[in-house]
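J.: Residue numbers (UniProt numbering): 1 to 226.
Beta carbons are placed, not taken as given, at the ideal position from N, Cα and C, and that holds for glycine.
Right under this line is the structure:
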């Protein structure tokens with residue numbers, strides 16, 4: 001009988017899947033250089049693995065994430081260029097996070113001409129809590145301002161407003177000011193992702209990978225390092 005999927009079970013399953021996948025010879029991916037194709041292969045395989053072993057609600061286009069019952073989205077990225085994209089919802093995501101957890105599988109692909117197969121070494125399985133899926137540079141700058149503001153609340157709001165404008169946060173002046181006030185009253189956690197402005201958010205995971213490998217950082221962990 002299948003057990004219901006929970007967050008801890010998902011983490012354990014991700015490591016087990018990564019261990020198994022890293023041992024396989026994969027003819028379908030031999031010679032493939034398109035990272036999206038590799039990501040689709042890994043994501044489809046993991047979703048099938050979960051469906052075969054657990055009771056859960058599959059992802060759907062409306063929710064836009066792989067495991068909506070757990071608020072987790074799966075991302076697959078190469079070690080040489082650790083980045084992906086996700087839908088843009090609103091500019092506040094850059095400050096307070098995407099609104100869901102990220103499970104990031106980081107692979108290194110090697111082709112074997114002698115067997116005409118590819119191998120995927122899953123080097124990291126990174127779990128990033130939703131509160132930590134904000135932009136690293138932006139949240140670090142904001143937190144430094146607030147730490148140095150002492151009790152000058154009005155002054156720090158002005159500073160944050162100017163900082164958001166300087167960072168080209170896609171908001172009109174009134175909305176940006178409202179966000180600056182909110183930030184002064186509810187400072188964000190330090191994020192671990194680099195988020196680039198675009199029609200879709202462009203996510204880069206370099207900081208998250210380093211923080212997870214270093215260990216002891218709140219809200220981010222390399223599940224495969226344990």
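Given that a residue counts as buried once 16 or more other Cβ atoms are within 10 Å of its Cβ, and exposed if not, what is residue 94?
T.: Looking at its Cβ environment, which holds 16 or more other Cβ atoms inside 10 Å, residue 94 is buried.
J.: Could you pull out every unbroken alpha helix (DSSP H) segment of at least 4 residues lying fully inside the segment 117 to 191, listed in chain order?
T.: Whole alpha helix (DSSP H) segments, 4+ residues: 136 to 148, 153 to 166 and 173 to 185.
J.: Let's see if you can read the secondary structure: which residues bound the alpha helix (DSSP H) around residue 48?
T.: Where residue 48 is concerned, the enclosing alpha helix (DSSP H) stretches over 35 to 53.
J.: What residue does the alpha helix (DSSP H) around residue 22 start on, and which one ends it?
T.: Per DSSP, residue 22 belongs to the alpha helix (DSSP H) from 7 to 23.
J.: My understanding is that residue 128 touches residue 106, with C-beta atoms under 8 angstroms, so please give their C-beta distance in whole angstroms.
T.: Rounded, the Cβ-Cβ distance is 12 angstroms, inconsistent with contact.
J.: Tell me which residue opens and which closes the beta strand (DSSP E) that residue 195 is part of.
T.: Start and end: 194 to 196.
J.: According to DSSP, is residue 210 part of a helix, a strand, or is it coil?
T.: Helix, per DSSP.
J.: Taking the beta strand (DSSP E) that residue 96 belongs to, which residues open and close that run?
T.: Premise fails: residue 96 lies in the alpha helix (DSSP H), 93 to 96, not in any beta strand (DSSP E).
J.: Consult DSSP for residue 74 and reduce its assignment to one of helix, strand or coil.
T.: In the structure shown, residue 74 sits in a strand (DSSP, three-state: E or B).
J.: Confirm, please, whether the CB-CB distance from residue 100 to residue 76 is below 8 angstroms.
T.: It is not a contact, given that the beta carbons lie outside the stated cut-off.
J.: Suppose the cutoff is 7 angstroms on Cβ atoms and the five residues either side in sequence are ignored; what does the same chain contact list for residue 160 look like?
T.: Here the set comprises 142, 145, 180, 183 and 184.
J.: According to DSSP, simplified to helix, strand and coil, what is residue 68?
T.: It is coil, neither helix nor strand.
J.: Is the segment 201 to 212 touching the segment 77 to 92, taking contact as three or more C-beta pairs under 8 angstroms?
T.: These segments touch.
J.: Any heavy atom of the ligand SAM closer than 7 angstroms to the Cβ of residue 173?
T.: Although the ligand SAM was asked about, the structure shown includes no ligands whatsoever.
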